[in-house]
């Protein structure tokens, strides 16, 4: 005969099993939301773990739509963390770039559309406040309707529409339309060949007039702590460090954040991940991720 305590235990186990299945089904989306709001895979994983803990302690019987409930928790947690992260990044050594992610298994990173995933877009989104960024992400990447986003972020619908519109205008004013993937790959190949030989003429022909080069070493690598701007300055900068940086390095063509990228190894370890932002004018931005703490998780994912 089954006692009341035993029946309760069975029911609790079944309930937890259902909760686990609901969470695992939503997990890719939860990570995708947190990562786009934070620009950090490490911090996004922390947010997803916190969402799981809160989900376990929630009165789940009162939740009609688990996925929407979990997305709301995740978005609010990510906004809170982003607000403190902005303060930390103000004291970061040198330029701060997003932490790259391997998107081969999930090209859209849990989203309806692969928006706000490109390294250059995430870099520009850093200029938005966290609530504005979250509203943009939920609308453009995950296609949530405005009334639902308003509810998730505890805003009015009118305010939500305004935030998304402002974010769109910001991105369109700061970034030109990117080239198609095939053209992007060609640019990457030609650029790498010219950069390794220090071919000044070819480099100048590839770079947009107002190109910018950002190196994120986090104070650990020998990366430039000051961005370099302008076609002539960037091309000369690249040509100057070519003899020291490139020799003996077997460049690995990879994918990061849905776009072609180049992984630069030395002595068996990755020392840089290069991502290009390119338009019809040429290369608009060079993003060099050199911080070992950002590179390590990405490189580990490539070898899984």
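In my numbering, the protein residues as written are 83 to 386.
All C-beta atoms, glycine included, are put in the ideal place defined by N, C-alpha and C.
- In the three-state scheme derived from DSSP, where H, G and I count as helix and E and B as strand, residue 323 is classed as helix.
- Closest option to residue 264, judged by alpha-carbon separation, among 360, 114 and 100: 360.
- By the neighbour-count criterion, in which 16 or more other beta carbons inside 10 Å mark a residue as buried, residue 213 falls on the buried side.
- Counting only unbroken stretches of 4 or more residues, the alpha helix (DSSP H) elements lying wholly within the stretch 224-265 are 228-235 and 239-256, in sequence order.
- Scanning its chain for C-beta atoms nearer than 7 Å, with the 5 sequence neighbours on each side dropped, one finds around residue 267 the residues 342, in chain order.
- Collapsing the DSSP output to three states places residue 332 in coil.
- Taking the Cα positions, residue 102 is about 52 Å away from residue 312.
- The C-beta of residue 175 has fewer than 16 other C-beta atoms within 10 Å across all chains shown, which makes the residue exposed.
- Excluding sequence positions up to five before and after residue 353, its CB lies within less than 6 Å of the CB of 346, all in the same chain and listed in chain order.
- Judged by their CB atoms, residue 123 and residue 156 are not nearer to each other than the 7 Å cut-off.
- Rounded to whole angstroms, the gap between the alpha carbons of residue 227 and residue 144 is 23 Å.
- The three-state secondary structure of residue 286, taken from DSSP, is helix.
- Secondary structure note for residue 377: its alpha helix (DSSP H) is the uninterrupted segment 374-384.
- Beta-bridge annotation (DSSP): residue 174 is not paired with any residue.
- When the Cα atoms are used, residue 377 and residue 355 turn out to be separated by approximately 7 Å.
- Between the C-alpha atoms of residue 278 and residue 339 there is a straight-line separation of about 24 Å.
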